[in-house]
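J.: Below you'll find the structure I mean.
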Amino acid sequence: MFADPKGPITRFEWATFTINGQIHSPEAGVGKDIFLSPQGVSAWYERKGHKLKAGMVKRALSLKPEVLIIGNGVEGALEIGKKARQEVEDAGVKLVVLRTPEACREYNRLYHQGKRVILLAHGTC
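Okay, so the sequence shown: first residue is 53 according to the working numbering, each after it adds one.
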């Protein structure tokens, strides 16, 4: 679905991310929903259901990124709620919403440009 040898996200397939040589999936690493920031990768434990709510982005916004990328799933199933959009806008952060494979590609591109970027990505639907 996605591959980029330059990384830091080198591969993404359904529910499985390879980031800096480590696999994150339901069986390994931090799981199938990731929170990738300059501090590293962790579980995106705030994600519940298929509607992005304001509370799901608070941890990311506390790190003051320039850009917040939401990987809304392989099929785009994660809807972005109005309050969540408003929360990001009020923080002065650029919001980019893409299907997860494209979100991984965009994260890598902005990372290599030196942008302070955070990726919240849903690894399945």
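Backbone N, C-alpha and C define an ideal beta-carbon position, used for all residues, glycine too.
Nearest by alpha-carbon distance to Thr152: which of Cys177, Lys105 and Tyr97 is it?
T.: Residue mapping note: residue 152 aligns to position 100 of the sequence shown, counting from 1. Checking every option, the nearest Cα to that of Thr152 belongs to Cys177.
J.: Would you say Ala55 reaches chain C, if we count a Cβ-Cβ gap shorter than 8 Å as a contact?
T.: No chain C appears in this structure, which consists of one protein chain only.
J.: State the start and end residues of the unbroken alpha helix (DSSP H) segment that holds Leu115.
T.: Working through the sequence shown from its first residue, we reach residue 115 at position 63. Here Leu115 belongs to no alpha helix (DSSP H), and DSSP marks it neither H nor E.
J.: Does DSSP put Arg99 in a helix, in a strand, or in coil?
T.: Translated into positions along the sequence shown, residue 99 becomes position 47. DSSP places Arg99 in coil when its eight states are reduced to three.
J.: By how many angstroms is the C-alpha of Lys103 removed from the C-alpha of Asn124?
T.: Residue 124 sits at position 72 when you count from the first residue of the sequence shown. Residue 103 sits at position 51 when you count from the first residue of the sequence shown. One C-alpha to the other measures close to 9 Å.
J.: Can you give me the C-alpha to C-alpha distance between Lys167 and Lys134, rounded to a whole angstrom?
T.: Within the sequence shown, residue 167 is the residue found at index 115, counting from 1. Within the sequence shown, residue 134 is the residue found at index 82, counting from 1. C-alpha separation (whole angstroms): 25 Å.
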